[in-house]
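These notes concern the structure reproduced below.
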Amino acid sequence: MIRRFRLEQKGRYEKLVIAQRLSEMVDRYLDGRTAPLLIGAEQGGIGEWDDVVVYHADEHYEHFQIKRQTTPFSDKHIDKADYIKSYKPKASSKAAASATPVVPPDSSIDSELDKAMKSLSAWSLNPQSKQPPARAFSLILLGLEVIIKGKSNDSITANHLHEFCRLCKQDGLDLAALSSRTDTPTQNVYKWLTTWCGFTDWHHVRQTMRALTIHAVGSEENLEDRACESLGRHFNDPRVTLEKLVGYISTSTTDVNAISCHAMINHLKDALRSDAETWTQYLMKPPAGSSWMVAGTHNLNGTSSFPVRHAAAEIVGHHWTAGGNNRRLRLHATYCPPTPNAVALPSAILRLALHLKSGSHCLLLGEPLWRQGAGNELGRTLGISESDLDELPWIENLEALSCASSRELSTILATRDESSALHTAMNDLVWEQLQTRITARLNAVSDTPLLAALEPKWRSWAAELTADATARESLFEQLMYPKTEGLDGKHALRVGPRTADLLESAILMLLLVCVAIGNDDGNWREIPEVGDVLSIALKNWSGASGDHGGARPLADDLMAVLGPSPAPVVILAGVEGSPTSLLESGMADDFETRNSMAAERQPKLLVTRFGVLKYLRTGTLAELQGQFKRHWDAWRDAREGAIQAHGEGH
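Pasting the structure below:
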């Protein structure tokens with residue numbers, strides 16, 4: 232069991248070693264690179280090696296032994312038997328007066344390093360050492376020149392042990408050749424390990440030393456500099472942050488939990504630089520689709536602009552709000568087509584990825600397939616242009632991150648709940664942004680009578696749409712997914728910050744039309760005495776269902792957009808051309824390719840943004856109503872003329 236450090240009696244050097252390792256972990260974690268999961272201590276583990284333990288992403292443990300040693304660990308003989316032979320008790324002791332040779336207890340003659348290596352030897356002989364998880368051991372020293380055993384002319388240094396461990400790690404090592412090697416340091420290290428430290432033979436030594444690594448980390452100043460180098464990439468004042476890190480290590484000695492990267496960064500988040508990179512990862516676990524892991528640093532820097540009802544809302548708020556660069560959305564799952572009539576998590580994440588803010592990126596497993604799938608689901612356009620998907624900030628990424636603080640979605644129901652929460656949060660955020668945008672546009676209206684007509688209607692609509700999420704989603708779907716296009720609008724891939732301009736213009740057009748001809752009763756659904764309203768926000772679409780001609784301007788396909796039974800009132804908020812010119816070209820095309828009865832299936836009123844939105848800035852209510860009366864008359868005359876002309880066969 233991993234737990235926090237027992238450092239009440241540890242000195243600053245030990246704390247700096249831990250802090251430097253923590254700073255590397257934090258650096259890698261914030262960068263979205265693979266990092267150790269936990270650092271702490273282990274209960275009931277390996278004596279002398281369980282004060283500092285790191286749990287790595289590949290599920291192995293690394294045990295530290297930290298020794299700030301500047302003088303020899305021991306000046307006794309390398310061979311313990313030679314030392315015992317030469318041992319002489321102090322003259323004042325009773326043993327000195329006895330003629331019987333005295334063997335001193337190990338506790339009185341073993342160095343601290345002898346004890347650590349003896350503990351490692353005993354553990355490696357235990358059958359439990361062969362069971363998972365794998366374990367590695369790191370001896371942390373100031374430098375490699377320190378003497379481990381013996382005197383200067385006949386001694387072992389840390390460098391000798393370091394080279395010995397490197398030999399043992401070599402694949403295909405011949406133990407017989409190693410044991411007969413005449414190299415003095417090699418034989419001395421073996422002699423020390425087998426006479427002082429409890430190792431039994433060359434096989435035992437080799438197998439255990441394969442797991443040991445000697446690290447020379449330098450002085451306190453070296454450790455501080457390296458820690459500050461790592462922290463400086465993410466924090467405003469790395470020196471101050473390092474001291475905060477050391478203080479956190481010093482005071483966190485009674486908690487039973489280890490320190491995770493996320494917990495450590497959360498403690499330091501006030502010191503993060505404003506441009507520090509953040510990330511979120513959705514990882515699908517095998518078997519595909521049944522279980523997901525969610526992790527990231529999205530909830531460390533800044534807060535969302537709305538109350539968080541679900542953890543997914545933090546993710547949406549982070550990736551879809553302005554004010555931060557270097558945000559990364561990581562999706563480690565293969566693309567699969569959307570499931571009909573199901574709220575699929577991959578589609579929700581895809582929607583999130585399609586509308587990332589400037590400066591953000593999405594890292595995907597199998598990025599080309601995701602890009603192709605997005606194109607198929609969207610008809611190659613978000614509705615803005617013919618090249619909406621060409622410059623997506625998406626990058627291929629094969630690396631999955633392992634995080635101790637991951638949130639697991641272990642059932643199909645849990646993944647659907649996550650997907651629903653993501654969609655709800657995305658819809659809420661888009662709606663919040665739209666309300667802010669439209670209120671700002673109304674605030675700029677100069678004509679008081681026009682404002683007096685627009686504002687109450689907008690407030691009434693906003694209240695209803697805020698309270699009724701289903702009605703709001705239905706409105707979004709109508710605006711962004713013409714029924715004649717045949718695309719599934721349930722996953723709302725086109726609804727997000729990138730299309731907010733389209734949605735804003737469409738709602739403003741609805742307001743202006745209702746104020747101009749609908750009196751007090753007109754709304755986004757219908758205008759009394761005229762009929763139902765169909766409003767489309769798109770500038771571009773993918774063509775009618777079954778048409779594979781690619782994205783194109785909506786105005787090019789008027790009759791295909793309207794379909795066989797258009798609503799009495801059609802508002803094309805993304806079309807710049809005049810309604811009468813659209814009618815003339817659309818009717819001609821339709822008549823030539825179909826039959827003269829096509830002229831009968833026209834809306835009573837077609838409105839484009841041509842000359843309409845300007846009234847928000849410079850017009851008056853009277854001018855707006857006059858314009859629509861003329862517009863209505865011109866449209867009616869053109870429609871009737873077209874019907875008559877085509878009916879007579881001209």
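As numbered in the numbering used here, residues 232 to 881 make up the sequence shown, in order. Glycine included, each C-beta is placed from N, C-alpha and C at the ideal position.
Same chain, Cβ closer than 6 Å to residue i, five either side skipped, listed in chain order
i	result
Ala819	Per-residue confidence for Ala819 stands at a pLDDT of 47, beneath the threshold of 50, marking its modelled position as unreliable; the derived number appears in the next sentence. Within the same chain, Ala819 has no close Cβ partners at all.
Ala656	Ala543, Ala544, Val547
Ile297	Glu245, Val248, Ile371
Ile748	Phe859
Lys221	With the chain covering 232 to 881 only, the question about residue 221 has no answer from this structure.
Arg725	Leu613, Gly614, Met711
Val285	Pro267, Ile270, Glu293
Arg647	Val574
His541	Ala652
Gly794	Thr715
Pro303	Ile378
Beta-carbon separation (whole angstroms), residue i vs residue j, contact threshold 8 Å
i	j	result
Leu609	Ala584	Wrong, their Cβ atoms sit about 12 Å apart, outside the cutoff.
Glu622	Ile669	Their Cβ separation, rounded to whole angstroms, is 28 Å, which puts Glu622 and Ile669 out of contact at 8 Å.
Leu476	Asn497	Actually they are not in contact, since the Cβ atoms of Leu476 and Asn497 sit about 13 Å apart, beyond 8 Å.
Leu765	Leu789	So it is not a contact: roughly 13 Å between Cβ atoms.
His549	Thr509	7 Å
Leu743	Leu855	7 Å
Asn556	Arg504	At roughly 11 Å, the Cβ-Cβ gap does not stay under 8 Å, so Asn556 and Arg504 are not in contact.
Leu406	Leu398	Leu406 to Leu398, Cβ: 11 Å. No contact.
Straight-line Cα distance separating residue j from residue i
i	j	result
Ala671	Ala684	16 Å
Ile626	Ala447	38 Å
Asn453	Asp258	18 Å
Leu424	Ala526	45 Å
Tyr566	Gly604	7 Å
Glu255	Asp262	11 Å
Thr417	Ser383	16 Å
Trp689	Trp662	13 Å
Pro624	Leu660	21 Å
Asp506	Val471	18 Å
Leu562	Ala494	23 Å
Pro810	Leu632	54 Å
Gly842	Gly857	13 Å
Pro569	Lys400	49 Å
Asp282	Ala489	12 Å
His434	His291	23 Å
Val333	Ser339	13 Å
Lys934	Leu587	Outside the shown range of the chain, which is 232 to 881, sits residue 934, and nothing can be said about it.
Close beta carbons around residue i, own chain, < 8 Å, minus the five adjacent residues each side
i	result
Ser650	Val574, Ala575, Leu576, Ser578, Ala579
Ala675	Leu847, Arg848
Asp763	Arg756, Glu757, Ala798, Pro799, Val800
Ala288	Thr265, Ala266, Pro267, Leu268, Leu632, Ser633
Residues bridged to residue i [DSSP beta-bridge criterion]
i	result
Ala526	Gln512
Lys500	Lys500 is not bridged to any residue.
Trp772	Arg783
Lys380	Ile387
His563	Leu514
Three-state secondary structure (DSSP) of residue i
i	result
Gln296	strand
Cys745	helix
Asn467	coil
Asn419	helix
Lys349	helix
Asp751	coil
Thr679	helix
Val477	helix
Arg366	strand
Val284	strand
His586	coil
Thr265	coil
Glu273	strand
Thr482	helix
Gly762	strand
Lys246	helix
Val838	strand
Trp625	strand
Arg638	strand
His541	coil
Leu581	helix
Cβ-based neighbour list, residue i, same chain, cut-off 7 Å, excluding 5 preceding and 5 following
i	result
Arg582	Met657, His722, Ala723, Leu724, Gly727
Ala865	Thr811
Gly872	none
Asp752	Pro759
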